[in-house]
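> The letter at position 104 of the sequence shown is residue 103 when you use numbering that gives the first Met the number 0, and the numbering goes up by one with no holes. Built from N, CA and C at the ideal position, the CB exists for glycine as well. It should be emphasised that the depicted structure is a prediction, and the values quoted were computed from it without experimental measurement. Structure in structure tokens, see below.
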Amino acid sequence: MTAIHPSILNCDIAHLADELDRVTGHDGAPGADGIHVDVMDNHFVPNLSWGLPVVEAVLAHSSLPVDAHLMIEDPDRWAPQYAEVGCHSVTFHAEAAAAPLRLARELHRLGARAGLALKPATDIAPFVDILNEFDMILIMTVEPGFGGQSFIEQMIPKIERTRAAINAAGLEVSIQVDGGISRATIERAAMAGADNFVAGSAVFRAEDAHREVEALRELANAHTH
């Protein structure tokens, strides 16, 4: 099932509630499938965004599931707090976690879906044997840290390898892509095997954010396996 998760990294944060409303379904139109919140600590990535207070504000002002992407050091310590406050999905980076399998199980115990994120240069191969511990694999299609970057085409084979590994294991694990997702790139990512798409600039900088979500979904659905 294709999912579109707008990233608030590119929204007008001074009007957060209004921006959330721009992508929420109404009058019979479905809207976004979730809200993606990028948490950055200025250590794991060279940027500082926001943390639990903003996540809690999104939870309070939106009916959509919150998808937290933790680009932070020591997620083993901090990630469970995002599950505890009510995030539907908590994704942490393979490069930062000391015990990814244990952390995934802790997130599940707390009632959240567990996601494993990989930077562009990180291979999926070392994690193939524990894919069953995760609900989602996030393949970064830009270097994490800043919105508005261009999609890295070399990530297409990595998406394909990840989908092949998931299928070979008979698992129902989602593949999320994040970075440079727009009408120009979403079809190629869907054809490669992605089914969950994070779009920031493409959605929140559009004149009609709700319509942009629909356009992206239509393009992805036409090419999702």
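List the residues that DSSP assigns as beta-bridge partners of R112.
Paired residue(s): S88.
> If we call anything under 8 Å between Cβ atoms a contact, is K118 one with P99?
For K118 and P99, no; Cβs fall outside 8 Å.
> In the DSSP output, what is M139 paired with across the bridge?
Its beta-bridge partners are D177.
> Closer than 8 Å by C-beta to D122: which residues in its own chain qualify, once you throw out the five before and the five after it? Chain order, please.
Hits under 8 Å: K157.
> How many Å lie between G114 and R104 at the Cα?
Cα-Cα distance, rounded: 11 Å.
> If W85 and L58 are in contact, beta carbons under 8 Å, what's the gap, nearest whole angstrom?
Sequence inspection shows Gly at residue 85; the Trp mentioned does not correspond to that position. Right, their Cβ atoms sit about 5 Å apart.
> Please check the pair H14 and I34, which I expect to be a contact at CB under 8 Å, by giving their CB distance rounded to whole angstroms.
Between I34 and H14 the Cβ distance is about 15 Å, and since that is not below 8 Å, they are no contact.
> With a threshold of 16 other CB atoms inside 10 Å of the CB of A96, please say whether the residue is buried or exposed.
Answer is buried; the Cβ neighbour count reaches 16.
> Whole angstroms is fine: what's the gap from H222's alpha carbon to T1's?
Approximately 10 Å, taken between the alpha carbons.
> Return the Cβ separation of T260 and I151 in integer angstroms, given the expectation that the two are a contact with Cβ distance under 8 Å.
Nothing can be reported for residue 260, as the shown portion of the chain is limited to 0 through 224.
> Please identify the residue among A124, L130, R187 whose C-alpha is closest to the C-alpha of I155.
When only C-alpha atoms are compared, the closest one is R187.
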